[in-house]
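A.B. asks:
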Ligand SMILES: Cc1ncc(C[n+]2csc(CCOP(=O)(O)OP(=O)(O)O)c2C)c(N)n1
Ligand code: SF4
């Protein structure tokens, strides 16, 4: 199929419907509202459900209900709305419900502003709700990936019976680029665990309660084992010109696009610089980072935040390699040129260090 | 402390195997607790109606959190207060199911006040049983929104003071004021007469859902002997004599005879129909091959910034460029400055048209600046790449760019647009001037792009004239 020009937020809904999603529950918030708007237009056309909920709290719980029915369902919001949903996400993780949540991040804390930011990394990747749980987090960096990763999110959610986030920033949501759409899917309801008002599922129970401490511990360990499986099987990343790179740039979402330009421009000037873009934020590409640390001398992390993902880079490296951070926030977005200046300084230091060691 | 339910209805499990303690025969409720009584009425109704397989019960947070110990039906256990939202979700995706949302007064009237109000107001096809025992049973007897004035609880040790805690919420009355609910009644789980009325209400509320008529709500005044510090007979007496004064029994709304049943139909589409319904069937795509212009090296792979006032069609100008670029099989991207800037203030967008993969869609150093107001010219002129191009509307901008290392093309776009009939198409004059001067895109692809991007096609006649006028001006 040929490509079509489309906005990121609109590609999300189409990717979802093609994946077989037939229910959307949401509450308007800039810069994610186009997702709800597109869903309100398209869901009824394909026999699906759209409800504008009374709040994000209600939206995530409607999603909890639909997901309990074994149906592919989703919500979308932006940072303050995601904060409100955290209760429901914790319950869904505990009850092991597959669902897809799209977060088009904006500036915080508090009402902040509606400009693009990446300040939700902690609350999404580290689990903003209570309890020992993890969620799969996919980070698109193009309109094509807004579609493709949403499409994939439903499969992963079902495969592992877990909430899956698509975590993007305002820019990726608002951007227009060509997209090629995948073929529609018709997933079957898995009656082994869901409740759908039939005899087959009558004995099923969706719950996050495990009253006895021994049982709850076992449940938590089972979840942990699941997260370990996810870590083994689902790591996704893009490595760009990293083979001989001395400095590895690390960034996700819109930042990774800017960093790619940085790599291209600096390579022309002879700098050995590469880019690692995590596509899954959980599971995080720890192995790949450690592998790169064997040949690179420094990791340079760039985020639209005051430094959140950088923690995971440091944890992965555990002191193996030096890590530097450069961030802008509040809606300020660094230009390639601004980053190049920073990276060039780093190269000077690295060279001095090498000189010194000789 | 446990009550045995005499003669279990078939909807109850014979043995409560989900119950973790050794006693699998008795419920976990205290003696004299109203929950057990209501459970039994619901279980009997489900059995009599023969709908057990279809029933999904939403288990709340409160003493009735363990409904799933007892009812042999589908269950969803949910967060405190959220039962009506969860019920909405499951009912909407499985309309043939019978969804029963069961909630206490803390759950429904306090923390879940918003969810119940809106589920009722949407007229969700669910049945809500609301247990009003004027107290928080599960957490040990704290005040509920329905606690009576003067009543002592662990958080109103001096008695509920309406000046500090406000008045008890009358939920049945409140819900009955809404347009959508079909049936709202308050009953009391006390003596035989009241139990008979409660039994009828429970059955009716379920039947309304079976008949696809809409939202039904039954509030049940219910004893909490433990929380109230009373023995079971005194507790029932207190409901009849004191509680019903504040919470009168009766039907507050019943339009079940008047409402039309809803027909739930499942729409099943083929892959082709789905693609068509969401506009990805390729219908909108032209299979036409476009001939590219031969473009001078310095104008190739432009990084374009388009800037001006909101309302000048700045974003559209950029979008048409990107769309035309795509038709000519270039890589393209379009990125708006979004938010309040779009509403009345300045607007700008970043457009890339490239033979190569586009890394950053952000244009921080444009090779082409198309600018339609003075603040934008002042802001972005310094950012233009040396050797780049500035096209500006000199009928609106009363200063000249001062850069000597860039090409500067003044175009009186607004004036030209006025001359051909509408100030609104000044953006298209600018677009025409840009493609005419650089040759980056052909008129053919731009005209076709217009038809894809602009929804009101009747405007394109004028748009095309404006583009042509722009091209002519720079030729
Ligand atoms: C978010 C949240 N806040 C508080 C609680 C603690 N809690 C459990 S049950 C309950 C009150 C239940 O009272 P009610 O709904 O009247 O039911 P009852 O136990 O009286 O049947 C509270 C406050 C909780 N589980 N979750
Ligand atoms: S505490 Fe009250 S509501 Fe809870 S089981 Fe006992 S009597 Fe019933």
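Chains as they are written, first to last, in the UniProt record's numbering: chain B, 1 to 358; chain R, 1 to 475. The beta-carbon is built from N, C-alpha and C at its ideal position, and this holds for glycine as well.
1) How many Å lie between residue 204 of chain R and residue 150 of chain B at the Cα?
2) Under DSSP, the alpha helix (DSSP H) around residue 427 of chain R begins and ends at which residues?
3) Expressed to the nearest angstrom, what Euclidean distance is found between the alpha-carbon atoms of residue 342 of chain R and residue 310 of chain R?
4) Please state whether DSSP places residue 133 of chain B in a helix, a strand or coil.
5) Indicate the three-state DSSP secondary structure (helix, strand or coil) for residue 349 of chain R in the structure shown.
6) Ligand 1 heavy atoms versus the CB of residue 88 of chain R: any closer than 7 Å?
7) Using a Cβ-Cβ cut-off of 8 Å, state whether residue 260 of chain B counts as contacting chain R.
8) Per DSSP, residue 101 of chain R forms a beta bridge with which residues?
9) Compare the C-alpha of residue 403 of chain R against each of R/380, R/198, R/243, R/28 and name the closest.
10) Rounding to the nearest angstrom, what Cα-Cα distance links residue 81 of chain R and residue 158 of chain B in this structure?
11) For ligand 2, which residues have a Cβ under 5 Å from at least one heavy atom, in chain order?
12) Kindly examine ligand 1 and report whether one of its heavy atoms sits closer than 7 Å to the Cβ of residue 139 of chain R.
13) Between residue 342 of chain R and chain B, is any beta-carbon pair separated by less than 8 Å?
14) Enumerate in chain order the residues of its own chain whose CB-to-CB distance from residue 231 of chain R is below 8 Å, with the five nearest sequence positions on each side excluded.
15) On a Cα-Cα basis, can you pick out the residue from R/139, R/66, R/44 that is closest to residue 16 of chain R?
16) If you compare alpha carbons, which of R/327, R/323, R/328 is closest to residue 335 of chain R?
17) Excluding the five sequence neighbours on either side, which residues of its own chain have a C-beta within less than 6 Å of the C-beta of residue 94 of chain B, listed in chain order?
18) Based on Cα-Cα distance, which residue from B/22, B/162, B/332, B/58 lies nearest to residue 45 of chain B?
19) What number of angstroms, rounded off, separates the C-alpha of residue 473 of chain R from the C-alpha of residue 395 of chain R?
20) Within the present structure, is the beta-carbon of residue 100 of chain B separated from the nearest heavy atom of ligand 1 by less than 7 Å?
21) So, with DSSP's three-state summary, where would you put residue 312 of chain R?
22) What's the C-alpha gap between residue 1 of chain R and residue 145 of chain B?
23) Quick one: is residue 269 of chain B near chain R, going by C-beta distance under 8 Å?
24) Who are the Cβ neighbours of residue 89 of chain B in its own chain at under 6 Å, not counting the five residues just before and after it?
25) Apart from the five residues on each side of it in sequence, which residues of its chain come closer than 6 Å, Cβ to Cβ, to residue 240 of chain R?
26) Any chance the region 438 to 448 of chain R sits against the region 460 to 468 of chain R, with 3 or more Cβ pairs inside 8 Å?
27) Name, going along the chain, the residues of the region 336 to 350 of chain B whose beta-carbon falls closer than 9 Å to a beta-carbon of chain R.
28) Within 10 Å of its beta-carbon, does residue 379 of chain B have 16 or more other beta-carbons around it, so buried, or fewer, so exposed?
29) Secondary structure at residue 342 of chain R, three-state DSSP: helix, strand or coil?
30) Note down the Cα distance separating residue 368 of chain B from residue 295 of chain B, rounded to an integer number of angstroms.
31) Run the CB neighbour count on residue 39 of chain R, radius 10 Å, all protein chains shown included, and call it buried at 16 or more, exposed below.
32) Confirm, please, whether the CB-CB distance from residue 432 of chain R to residue 462 of chain R is below 8 Å.
33) Considering just the uninterrupted stretch of the beta strand (DSSP E) at residue 253 of chain R, what are its terminal residues?
34) Shortest alpha-carbon distance to residue 142 of chain B belongs to which of B/195, B/170, B/135, B/126?
35) Does the pairing of the region 176 to 192 of chain R with the region 213 to 225 of chain R give three or more beta-carbon distances under 8 Å?
36) How is the alpha helix (DSSP H) around residue 452 of chain R delimited, first residue to last?
C.D. replies: Once the coordinates are examined:
1) 43 Å
2) 426 to 438
3) Low confidence applies here, because residue 342 of chain R scores a pLDDT of 49, under 50, leaving its location unreliable; read the following figure in that light. Using only the alpha carbons, I get a separation of about 6 Å.
4) coil
5) strand
6) no
7) yes
8) R/58, R/128
9) R/380
10) 27 Å
11) R/29, R/30, R/33, R/63, R/137, R/224, R/226, R/227
12) yes
13) Below a pLDDT of 50, predicted positions are generally treated as unreliable, and residue 342 of chain R, at 49, falls in that range; the measurement from the model is reported next regardless. No, its Cβ sits nowhere closer than 8 Å to a Cβ of chain B.
14) 32, 225
15) R/66
16) R/323
17) 208
18) B/22
19) 14 Å
20) no
21) coil
22) Caution applies to residue 1 of chain R, whose pLDDT of 45 falls short of 50 and renders its modelled position unreliable; the model cannot decide the point.
23) no
24) 129, 163
25) 190
26) yes
27) 336, 337, 338
28) Residue 379 of chain B lies beyond the residue range present for chain B, which begins at 1 and ends at 358; the question has no answer from this structure.
29) No answer about residue 342 of chain R holds up, because its pLDDT of 49 lies below 50 and its placement is not dependable.
30) Within the shown structure, residues of chain B are numbered from 1 to 358, placing residue 368 of chain B beyond reach of any answer.
31) buried
32) no
33) 250 to 254
34) B/170
35) yes
36) 443 to 453
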